């Protein structure tokens, strides 16, 4: 089945540094990928929609200069948390839909736990 | 913005008991999907419902989509410890973009052996 690989699984960084998270679709093309944030015991909050070859679409309240998204190829999207602060600590997870499939089901990455000290 | 209400937030059952989680939207939906997230894991797709009044079964799991396409339910018969996890509904509003889903808050199921 379709697999989405997300890396790294966890990262600890100092306040003020930037962190890059990668999301790859391993066996299908994904013109669109989605980035979410999940707080403990809460639901997935859509942050942005990553579009291959164009600018990402950010949800209301999400700072685009804070969370930089790049979708340079049909199989890779990256999320960079710039100048991270402790309040950015969270579980970040991506998902992708198989462009060639009529199904709308999403395949999720395994997530990245970010801890900012 | 649009929301999908999901209840209950938590459900504790004895193994063998049934379990149901419900999702409701104030607006008509194009389709609704269900996902399961095991503790420490990522959401995994279970099913997609598209048609009004649709009912689909997967072994002990029964999924329903309301006639008005505004609500949905997931019912598990005779729960097992392997059913433990959080179940999310994810809805695409009518006219919304494909893949851009609104997730419910999830129902966390715990099963006591």
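Residue numbers (the numbering used here), protein chains in the order written: chain A, 1480 to 1596; chain B, 62 to 174. Ideal placement from N, C-alpha and C gives every residue a C-beta, glycine not left out. As the structure is a prediction and not an experimental result, all values here were calculated from the model.
| Query | Result |
| --- | --- |
| Pair within 7 Å by beta-carbon distance, residue 86 of chain B and residue 117 of chain B | no |
| Secondary structure of residue 154 of chain B, DSSP reduced to three states | strand |
| Cβ neighbour criterion (16 or more within 10 Å) applied to residue 1576 of chain A | buried |
| Entirely enclosed alpha helix (DSSP H) segments - the region 111 to 163 of chain B, minimum 4 residues | none |
| Local Cβ density within 10 Å of residue 1435 of chain A, reported as buried at 16 or more and exposed below that | Lying outside 1480 to 1596, the shown extent of chain A, residue 1435 of chain A is not represented and no answer is given. |
| Limits of the unbroken beta strand (DSSP E) element including residue 1436 of chain A | This structure gives no information on residue 1436 of chain A, because the portion of chain A shown stretches from 1480 to 1596. |
| Coarse secondary structure for residue 1501 of chain A, derived from DSSP in three states | strand |
| Any C-beta of chain B under 7 Å from that of residue 1558 of chain A | no |
| Cutoff 7 Å: residue 104 of chain B Cβ touching any chain A Cβ | yes |
| N- and C-terminal bounds of the beta strand (DSSP E) containing residue 1516 of chain A | 1511 to 1517 |
| Cut-off 6 Å between Cβ atoms - residues of its own chain near residue 1505 of chain A, not counting five sequence neighbours on either side | 1482 and 1484 |
| Within-7 Å CB hit, residue 1522 of chain A to chain B | yes |
| Residue range of the beta strand (DSSP E) that includes residue 1569 of chain A | 1569 to 1576 |
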